[in-house]
Amino acid sequence: MTDNAPADDAISTPDELAATAVPSEDTPESPANSFASFGLGADLLRGITEAGFSEPTLIQQKSIPYLLAGRDLIGQALTGSGKTAAYALPAMELIRGKQGLQFLVLVPTRELAAQVSSEIFKLGQFAGIRTAAFTGGQSYNRQEQLLRQGLNALVATPGRLIDLMKSGHFKAVNPAVMVVDEADEMLDMGFLEDVKVIFEQFPGPHQTMLFSATLPKQVVALAQKILQNPVDITTAISEATNNDIEQHNFVIEEHERVNACIRLIDSEEVSKAMIFCRTREETDALNILLGGRGYNVNCLHGDMEQAQRSRVMSAFRRNDFDILVATDVAARGLDVEDVSHVFNFHLPFDSRGYVHRIGRTGRAGKSGKAITLVTPRELRQLEAIKRTVGAEMQLGLIPTRKEVYNQRLQKLFGELFVSDLNPSLYNQVLEISQGQDQDPLVLFTKLLTRFLSGNNDQGPEQIGLTGDRLDRALNKRPRFERDGRPGRGAPRSRSSFERRGPSRTDRPDREEPPRRNDFKRDAEFRRPPQTDAETAAGQDPGTRKSPSTRSKNLEGLSRAIRIAEEIDRQRQSTRPPRPERPRREGEYRSAERPERPRREGEYRSAERPERPRREGEYR
């Protein structure tokens with residue numbers, strides 16, 4: 002940790018971090034395009050091959066050479082971009098042959114800890130790297146046993162690591178490499194202070210790396226504290242988002258969310274999907290509704306026990322079900338292969354949440370699709386996310402039921418055309434049709450109708466905004482242009498002179514200030530004409546007041562209340578008296594209940610004698 006670290010409230014930018022990076026003789030001038038060109042050991046290269054990696058990703062090309070040179074680093078990259086291998090490979094190369102715990106990775110969630118630990122094991126299995134994941138909800142005894150046996154790499158959540166540190170298990174430990182992964186999620190979950198405590202426990206010297214999908218000011222301030230002369234390979238969020246992910250948004254009404262989601266699932270070729278909701282209650286409700294419509298679905302949220310969450314994620318990875326409905330807990334670094342679609346049932350609260358959500362698809366170089374449902378009121382928030390992320394979202398129209406039906410029919414015919422014919426079944430169908438005097442084509446059409454009628458879509462023919470409604474939602478006019486009415490801050494349609502009429506101060510022929518008699522004469526000139534009724538009653542027309550609209554409304558409301566009360570009184574007077582319920586044995590009315598006999602020494606509240614006062618006591 003640097004001695005001249007800034008205060009906690011220091012405000013910095015990624016550009017300031019980049020400005021602190023000093024060129025080194027060991028820093029590469031151009032990124033490598035193969036793992037072998039990095040100079041890694043043969044055992045690590047074998048682990049890379051076994052893990053299924055063929056060539057380095059962009060974040061690996063940029064970061065591995067600097068990390069092999071021993072530099073501190075701050076990197077901006079999403080999960081799924083290969084950043085785990087980006088920091089794990091050079092770390093394992095540097096700690097080769099060293100004893101004890103030399104490589105420490107801090108992550109925000111249990112699921113991410115298990116995932117990172119598994120990947121480090123795959124990459125370092127032939128290099129003799131012993132690794133483990135320490136998280137809450139696990140046995141202390143088992144973790145203490147692993148520490149006594151000896152570990153080379155440890156992936157841990159901050160809370161459990163601090164608990165073990167307080168027990169004295171890390172007094173003689175000083176890792177050579179420390180990594181803070183998913184730092185922005187650490188911030189959201191309130192772990193940044195714990196990270197500072199951990200770095201104070203391990204003062205160094207050590208190589209430090211910090212990775213984050215986005216860079217809030219608090220994360221940048223943390224980086225300035227724990228990093229020394231860092232290499233800054235941060236990129237814009239638009240570069241952090243995967244270009245292989247198609248991003249679409251659909252404008253709907255609030256009550257159309259469920260039907261829109263089902264219609265899009267049916268119209269898209271969804272093999273494995275994740276649907277993100279805002280609340281746990283909404284997650285449970287959507288899971289039950291989709292399951293009732295016939296979809297193979299399950300849910301995941303923070304109220305579930307850790308063992309249950311682990312079972313759900315394991316089943317999702319095994320393809321035991323196709324759709325996972327989840328809160329943002331599933332967007333925090335979880336790595337699930339072959340997720341073809343991500344649905345934002347509601348917009349995330351900020352751009353960071355959007356980046357993490359859509360990062361669940363399009364992983365490991367594969368393509369994916371992210372679909373977002375928005376209402377007209379959420380369009381401004383969507384535009385803010387697009388500006389921050391720099392994403393190119395395509396506005397789409399939700400297909401009608403007829404379009405989905407035709408799409409399924411065309412897909413079915415396409416599969417039939419390439420399928421093999423079973424001659425035995427063909428002859429059997431001919432015999433049955435001839436025996437029933439039915440045309441085989443008619444039977445085939447009926448079979449198709451029955452198959453296609455089993456659709457889960459129960460929504461209306463048209464879902465979402467289209468035509469003029471969509472144009473009005475996307476191109477809102479300023480307030481002063483609506484219906485010809487002036488709005489707040491808009492130019493007036495008539496001047497104030499035209500509205501109030503000419504006054505004495507507006508007359509060009511009157512240059513001297515008005516006199517008292519002039520005001521009196523002008524008031525008489527403005528006085529309204531006297532009506533016949535006012536003349537007969539001797540009323541001055543200048544004192545006539547017309548009732549305001551508010552008074553008229555109140556009078557009408559009072560009259561309606563009086564009528565309702567009169568109707569209620571008439572109904573009560575004509576209603577027959579309610580018969581008295583027969584008394585049960587030993588039952589008394591409240592006024593007839595006999596007084597309970599007093600116990601010995603018992604007083605009623607009014608009869609209780611006054612307690613004698615103590616010395617110096619006042620009432």
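Here the sequence shown is numbered in my numbering, starting from 2 and rising by one per residue. Every residue gets a Cβ at the ideal spot worked out from N, C-alpha and C, and that includes glycine.
Rounded distance between the beta-carbons of residue j and residue i, thought under 8 Å
i      : j      : result
Ile253 : Leu374 : 6 Å
Asn133 : Ser118 : Sequence inspection shows Ala at residue 133; the Asn mentioned does not correspond to that position. So it is a contact: roughly 6 Å between Cβ atoms.
Thr362 : His342 : 6 Å
Ala177 : Ile96  : 6 Å
Ala214 : Asp185 : 6 Å
Val174 : Leu211 : That belief does not hold up - the Cβ atoms of Val174 and Leu211 are roughly 20 Å apart, past 8 Å.
Thr376 : Gln463 : About 16 Å separates the two Cβ atoms, so there is no contact after all.
Ala274 : Ile75  : With a Cβ gap of about 33 Å, Ala274 and Ile75 do not count as contacting.
Leu155 : Phe135 : 6 Å
Gly48  : Leu69  : Not confirmed; about 16 Å, so no contact.
Given residue i as reference, the closest of the options once Cα atoms are compared
i      : options                           : result
Ser272 : Phe317, Leu193, Thr58 and Arg310  : Phe317
Arg294 : Asn260, Met305 and Ser311         : Asn260
Val337 : Ser352, Phe346, Ile359 and Val405 : Ile359
Val356 : Arg599, Gln248 and Ile96          : Gln248
Leu335 : Pro598, Ala114, Gly602 and Glu586 : Ala114
Ala87  : Leu102, Phe171, Arg97 and Leu59   : Leu59
Val232 : Gln408, Asn175, Pro66 and Phe135  : Pro66
Arg72  : Glu601, Gly101, Ile227 and Gly83  : Ile227
Ala43  : Asp323, Gly125, Leu449 and His342 : Gly125
Ser55  : Leu68, Ala70 and Ser38            : Ser38
Met187 : Leu216, Asn250, Lys167 and Cys278 : Leu216
Arg111 : Asn345, Ala308, Thr401 and Ser574 : Ala308
Leu148 : Gln103, Val313 and Glu51          : Gln103
Val298 : Glu306, Thr284 and Ser311         : Thr284
Glu306 : Gly138, Met93, Arg615 and Leu475  : Gly138
Arg279 : Arg312, Ile266 and Val326         : Val326
Ile263 : Phe452, Glu588, Pro57 and Leu290  : Leu290
Alpha-carbon to alpha-carbon, residue j and residue i
i      : j      : result
Arg281 : Pro441 : 51 Å
Ser315 : Tyr296 : 19 Å
Asp304 : Arg584 : 52 Å
Gln625 : Ser64  : Since the displayed the chain opens at 2 and closes at 620, residue 625 lies outside it and no answer follows.
Ser268 : Val405 : 6 Å
Ala385 : Ala222 : 24 Å
Asn288 : His302 : 11 Å
Phe200 : Gly160 : 13 Å
Ile276 : Gly354 : 13 Å
Asp351 : Phe36  : 36 Å
Arg597 : Ala561 : 51 Å
Gly460 : Pro109 : 40 Å
Glu379 : Leu162 : 41 Å
Gln435 : Arg319 : 46 Å
Thr85  : Val198 : 24 Å
Pro206 : Arg381 : 48 Å
Gln439 : Leu448 : 13 Å
Val220 : Phe192 : 11 Å
Leu466 : Thr446 : 34 Å
Pro349 : Glu183 : 18 Å
Arg615 : Arg600 : 28 Å
Lys370 : Val340 : 9 Å
Reduced DSSP category for residue i - H, G, I as helix; E, B as strand; rest coil
i      : result
Cys262 : helix
His342 : strand
Lys477 : coil
Ser496 : Confidence is the limiting factor: at Ser496 the pLDDT is only 46, short of 50, which leaves the residue's position unreliable, though a coordinate-based value still follows. Three-state result, Ser496: coil.
Leu1   : The structure shown does not extend to residue 1, since the chain spans only 2 to 620, so no value can be given for it.
Asp507 : Caution is warranted here: a pLDDT of 48 is assigned to Asp507, below 50, making its placement in the model unreliable, and the coordinate value is therefore given only provisionally. The answer is helix: DSSP assigns Asp507 an H, G or I state.
Tyr233 : The identity of residue 233 in the sequence shown is Asp, whereas the question assumes Tyr. Strand at Asp233.
Leu670 : What the structure shows of the chain is the stretch from 2 to 620, and residue 670 is not part of that stretch, so it cannot be assessed.
Phe277 : strand
Thr284 : helix
Val390 : helix
Gly303 : coil
Phe452 : helix
Leu228 : coil
Phe350 : coil
Glu482 : Residue confidence for Glu482 is low, a pLDDT of 49 falling below 50, so the modelled location carries little weight; the figure read from the coordinates is stated next. Helix.
Glu247 : strand
Val271 : coil
Ala115 : helix
Phe418 : helix
Ala214 : coil
**Message:** Give the list of continuous alpha helix (DSSP H) stretches no shorter than 4 residues that lie fully inside the segment 31 to 106.
**Reply:** 43 to 51, 59 to 69 and 84 to 95
**Request:** Entirely within the segment 119 to 182 and at least 3 residues each: give me those beta strand (DSSP E) ranges in chain order.
**Result:** 132 to 135, 154 to 157 and 178 to 181
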